[in-house]
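Protein chains in written order, with my numbering: chain A, 88 to 327; chain B, 88 to 327.
By construction, the Cβ of each residue, glycine as well, lies at the ideal position given by its N, Cα and C atoms.
As structure tokens, the structure follows; a few thoughts come after it.
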DNA sequence: TTCCTGTGAACTGTTGACAGTTGTCAGTTG
DNA sequence: CAACTGACAACTGTCAACAGTTCACAGGAA
């Protein structure tokens, strides 16, 4: 019963909540492509539920920024234009720079040590096999966790998910991952020294590199977000 | 037709969307008290709709942080504990400090001048009548707007709404409002000089003062957020 | 040919009813 | 008197059907 109630802490016992999670995985996992339309009747029947709980789950994913709804036309997996991605990276910078400041003051040495070992494990796994981005976002989220602010954590998680979706519009760039791990290590080292100035400076540069890489990988044209790469993009997203 | 289509940009033409707006006003306006339970059948019938669109609106307000849903027990207006409010102010700091940095680099002199005149108007109106917080959040949101980042704007708006709800749990403190206007003026002055360092420092202090005032006004006990003062907060402004 | 128009299928928005859960309260037992 | 138990009422979760809108396509006019 212990691990059962553990799982039930999030009370995944209504169709609506379960569907939200399934839908999010489908969106972030790529089984629903950016721009693709969600057909309510077919999706509901394939999930074995009715349209009511499905629509409630859709509403929540709209608030999360993963879906877009146009009245009387349906729900679409969100697409991102180049300026929107730049905006998201700026927002991410606002959140994570503050997280660095807070973590520098609040994180215990033990917590930072845990982060270092996780980082070392990641580096090891990357050297053996070479997956493209082996849990890359996990480091940032764990760092934000050390800031000890749940509201900040929720916002950061939401931005990460949106950027993760935006990134799924692009090809992967494994070369960037290796540099990122090094930069993560430098950042943690500064945190251990409690050097706020240097830590925030490192994070700023790190996020700049990350954004440049993402933008380049996306291969988006100048103004609006028409994807023209290999991905079979069927829909263009709407306006705000 | 022009102003009609202007209004229709947000396409408030489905019950679900209209209900979301109405519910938000009820929560922020105080006609639904923090901690109060929302009875779906009575609320739906009083709004003249069925439970479907109402439930969809509730889901979105849950994502916004204004409501809480407990499975099989219902939706409740969110209450805030003291540490949650501190967290929200920290998050607000992260967002608005970054907004100050961006605005310092991007806002045009004309835009800053507009902000100054708005501020002067507010000061005038405060001297004549003395409302407690005359559009206090408006200044901050307009400032964030000058950062030219819609994602940042959305996050800041969401935090503002949650803090607005938290504040409705408290009595009002008109004395703080006057000091706030002065601090706003100082901040805009630094923005006009494009002095990022001083501007962010001012904003940091300003938010600290604001948080101290809010915490003191809330008079919350140590741990949880049981609302104990009943102030009927009249209006909160609506969306953009 | 090109553009306009109207018709119909497909889909979303909404509703009312049914099913399952929760909380209450009277009745009972120690 | 206190604690437990079981049934009832109220409410939420879910479903299937109806209503209104959108989109595509066939047919006709310029």
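Legend entry - residue 181 (chain A) at chain B interface by Cβ criterion, 8 Å: yes
Inset, instruction - Just mark residue 275 (chain B) as buried or exposed, buried being the case when its beta carbon has 16 or more other beta carbons within 10 Å. - result: buried
Legend entry - Interface partners of residue 158 (chain A) on chain B, CB under 8 Å: 98, 100, 101, 104
Legend entry - Contained alpha helix (DSSP H) runs [length at least 4] in the stretch 172 to 226 of chain B, N- to C-terminal order: 196 to 215
Legend entry - Cβ shell of residue 124 (chain A) (< 6 Å), same chain only, five flanking positions each side left out: 161, 163
Legend entry - Where residue 157 (chain A) sits in the DSSP three-state scheme: strand
Inset, instruction - Determine whether the Cβ of residue 185 (chain A) lies closer than 8 Å to any Cβ atom of chain B. - result: yes
Inset, instruction - Determine, using beta carbons only, whether residue 242 (chain A) and residue 294 (chain B) come nearer to each other than 8 Å. - result: no
Legend entry - Where residue 247 (chain B) meets chain A, residues with beta-carbon distance less than 8 Å: What residue 247 (chain B) touches in chain A: nothing, since even the nearest Cβ is about 13 Å away.
Inset, instruction - Please check if any C-beta of chain B sits within less than 8 Å of the C-beta of residue 147 (chain A). - result: yes
Inset, instruction - Could you have a look at residue 303 (chain B) and say whether DSSP puts it in helix, strand or coil? - result: helix
Legend entry - 8 Å Cβ cutoff, residue 161 (chain B) in contact with chain A: no
Inset, instruction - Assign residue 157 (chain B) to one of two classes, buried (16 or more other C-beta atoms within 10 Å of its C-beta) or exposed (fewer than that). - result: exposed
Inset, instruction - Check the C-beta distance from residue 76 (chain B) over to residue 227 (chain B) and give it rounded, since I have them as a contact under 8 Å. - result: Given that chain B is displayed from residue 88 to residue 327, the structure contains no residue 76 (chain B) and the question cannot be resolved.
Inset, instruction - Sort out for me which residues DSSP pairs residue 125 (chain A) with in a bridge. - result: A:162
Inset, instruction - Can you say whether residue 180 (chain B) is buried or exposed, counting buried as having 16 or more other CB atoms within 10 angstroms of its CB? - result: buried
Inset, instruction - Let me know if residue 271 (chain A) comes out buried or exposed under the rule of 16 or more other beta-carbons within 10 Å of its beta-carbon. - result: buried
Inset, instruction - Give the single residue among B:194, B:146, B:135, B:211 whose Cα lies nearest to the Cα of residue 229 (chain B). - result: B:194
Inset, instruction - Please confirm if residue 151 (chain B) has its CB atom under 8 Å from at least one CB of chain A. - result: yes
Inset, instruction - Report the residues of the stretch 283 to 309 of chain A with a CB closer than 8 Å to any CB of chain B, ordered along the chain. - result: none
Legend entry - Alpha carbon of residue 290 (chain B) to alpha carbon of residue 281 (chain A), nearest angstrom: 24 Å
Legend entry - Beta-carbon contacts of residue 286 (chain A) that lie in its chain and below 7 Å, excluding the five residues immediately before and after: 187, 191, 274, 277, 278
Legend entry - Within chain B, the residues that residue 239 (chain A) reaches when beta carbons sit closer than 9 Å: 174, 177, 178, 181
Inset, instruction - Give me the Cα-Cα distance between residue 175 (chain B) and residue 145 (chain B), rounded to the nearest whole angstrom. - result: 22 Å
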